[in-house]
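Visitor:
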Amino acid sequence: ISGPQGSGKGTQGDLLEEKLGIIHLETGDMFRAEIAKGTELGKKCARYMDRGILLPDSIIFDLLSQILNEETIKKGFVLDGAPRRLSQIKWIDKYLVERNSQIDKLILLNLSREETIGRLSARRICPQCGRNYNLITVPPKNDELCDDCQVKLITRDDETPQAIAKRLEEYHTETDPMIEYYREQGKVLEINGEQPVEKVFQDILKSLEGLALRG
Ligand code: AMP
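For what it's worth, the working numbering labels the leading residue of the sequence shown as 15, then goes sequentially.
Spelled out as structure tokens, the structure:
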């Protein structure tokens, strides 16, 4: 699942996991967990992520070879946050083919630049459990408190206006060519990501109709 930041990839990934019983793998969350734990990997990631720039491929390939294991491949998965570059999609394609699998479709959540910036500025995260919220699209029940922990929600370090602009620019230079590569193969499902969460989800399910799911 791909799309600019704030397009709702995480939310739709969770819904797909629930509905289809496949695994939702979110790379950004995994790296944030490493940062929160203060591991060596986390410290390295923070140097890139705080500035809103993409991590080197070697870190991504290490993580992907751990999470794309026998179980996830057998069950089926929705990858969110990766691939993000042409080099990554080519690596994943090769890795999966060697394991008799493949990425069937790329769900692309389309969002205008204005909408992207507006949504990102409204994003909040729980510093305790890492749950994501958006004050506009997925607001917490009370004020700006986490529904689960009742802790005050915070803004992510990579969601300052400067970091947002940098990430958006990078999305177009790095991720657009990757999407084009899959578009040429007829694998891209274009979804209007500006609609309400439920409508986006219905559109995704409709576009997946006829696709034989593993499991
Ligand atoms: P996200 O939560 O998906 O926006 O990811 C947050 C940050 O994690 C990105 O801005 C990158 O620095 C890093 N990251 C996550 N996935 C990848 C990836 N596939 N390639 C490079 N960097 C990544």
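A virtual CB, placed ideally from N, CA and C, is assigned to each residue, including glycine. Keep in mind it's a predicted model, so treat the numbers as computed, not measured.
Taking 7 Å as the cut-off, is the beta-carbon of Q176 closer than that to any non-hydrogen atom of the ligand AMP?
Guide: Within the sequence shown, residue 176 is the residue found at index 162, counting from 1. Flag unset: Cβ of Q176 not near the ligand AMP.
Visitor: Taking 7 Å as the cut-off, does the CB of D172 come closer than this to any heavy atom belonging to the ligand NAP?
Guide: Within the structure as shown, the ligand NAP is missing, the only ligands being the ligand AMP.
Visitor: Do the CB positions of E31 and V92 come within less than 8 Å of each other?
Guide: The residue given as residue 31 occupies position 17 in the sequence shown. The residue given as residue 92 occupies position 78 in the sequence shown. Yes.
Visitor: Looking at the structure shown, is E223 part of a helix, part of a strand, or coil, going by DSSP?
Guide: Locating residue 223 in the sequence shown gives position 209, where the first residue counts as 1. Correct three-state label for E223: coil.
Visitor: For R61, does the three-state DSSP call read helix, strand or coil?
Guide: In the sequence shown, counting from the first residue as 1, residue 61 sits at position 47. In the structure shown, R61 sits in a helix (DSSP, three-state: H, G or I).
Visitor: Quick check on DSSP: helix, strand or coil for E40?
Guide: Position 26 of the sequence shown, counting from 1, holds the residue named residue 40. In this structure, E40 counts as strand in the three-state DSSP scheme.
Visitor: For a test of the three-state rule: what should DSSP assign to I67, helix, strand or coil?
Guide: Within the sequence shown, numbered from 1, the residue matching residue 67 stands at position 53. Looking at I67 - three-state DSSP - the assignment turns out to be coil, as it is neither helix nor strand.
Visitor: Nearest-angstrom Cα distance between P175 and V202?
Guide: Position 161 of the sequence shown, counted from the start, is the residue given in the question as residue 175. Position 188 of the sequence shown, counted from the start, is the residue given in the question as residue 202. Going from the Cα of P175 to the Cα of V202 covers about 30 Å.
Visitor: Quick one: complete beta strand (DSSP E) runs, 3+ long, within the stretch 156 to 213?
Guide: The qualifying runs are 202 to 206.
Visitor: If you check the beta carbons only, do Q19 and Y185 fall under 8 Å apart?
Guide: Position 5 of the sequence shown, counted from the first residue, corresponds to residue 19. Position 171 of the sequence shown, counted from the first residue, corresponds to residue 185. For Q19 and Y185, yes; Cβs fall inside 8 Å.
Visitor: Alpha carbons only, please: which of L149, S126, L120 is nearest the one belonging to Y196?
Guide: Sequence index remark: in the sequence shown, residue 196 carries index 182 (1-based). Checked all of L149, S126, L120; the closest Cα to Y196 is L120.
Visitor: If R11 and L182 are in contact, beta carbons under 8 Å, what's the gap, nearest whole angstrom?
Guide: The displayed coordinates of the chain run from 15 to 229. Any statement about residue 11 would go beyond what the structure contains.
Visitor: Taking R127 as part of the beta strand (DSSP E), name the residues at either end of that continuous run.
Guide: On the sequence shown, residue 127 is found 113 positions in, with the first residue counted as 1. Looking at the DSSP string, R127 is not in any beta strand (DSSP E); the run it does join, the alpha helix (DSSP H), is 127 to 135.
Visitor: Buried or exposed for G17, please, with buried defined as at least 16 other CB atoms from any protein chain shown within 10 angstroms of its CB.
Guide: Within the sequence shown, the letter at position 3 stands for residue 17. With 16 or more Cβ atoms within 10 Å of its Cβ, G17 is classed as buried.
Visitor: In the DSSP assignment, find the alpha helix (DSSP H) that holds V152 and state where it starts and stops.
Guide: Counting from 1 along the sequence shown, the entry for residue 152 is found at position 138. Neither: V152 is in no alpha helix (DSSP H) and is coded neither H nor E.
Visitor: Since I believe D94 is in contact with E225 (beta carbons under 8 Å), could you give me their beta-carbon distance rounded to a whole number of angstroms?
Guide: The residue given as residue 225 occupies position 211 in the sequence shown. The residue given as residue 94 occupies position 80 in the sequence shown. Strictly speaking, residue 225 in this sequence is Leu, with Glu absent from that position. No, L225 and D94 are not in contact; Cβ-Cβ is about 18 Å, not under 8 Å.
Visitor: For L93, list the residues DSSP reports as bridge partners.
Guide: To locate residue 93, count along the sequence shown from 1; it is residue 79. L39, per the DSSP bridge assignment.
Visitor: Hey, A47 and G200 are a contact pair by Cβ (cut 8 Å); roughly how many whole angstroms apart?
Guide: Your numbering for residue 47 matches position 33 in the sequence shown. Your numbering for residue 200 matches position 186 in the sequence shown. That belief does not hold up - the Cβ atoms of A47 and G200 are roughly 35 Å apart, past 8 Å.
Visitor: Is any non-hydrogen atom of the ligand AMP found closer than 7 Å to the C-beta of I49, if you look at the structure I gave you?
Guide: On the sequence shown, position 35 is the one that residue 49 refers to. The answer is no for I49.
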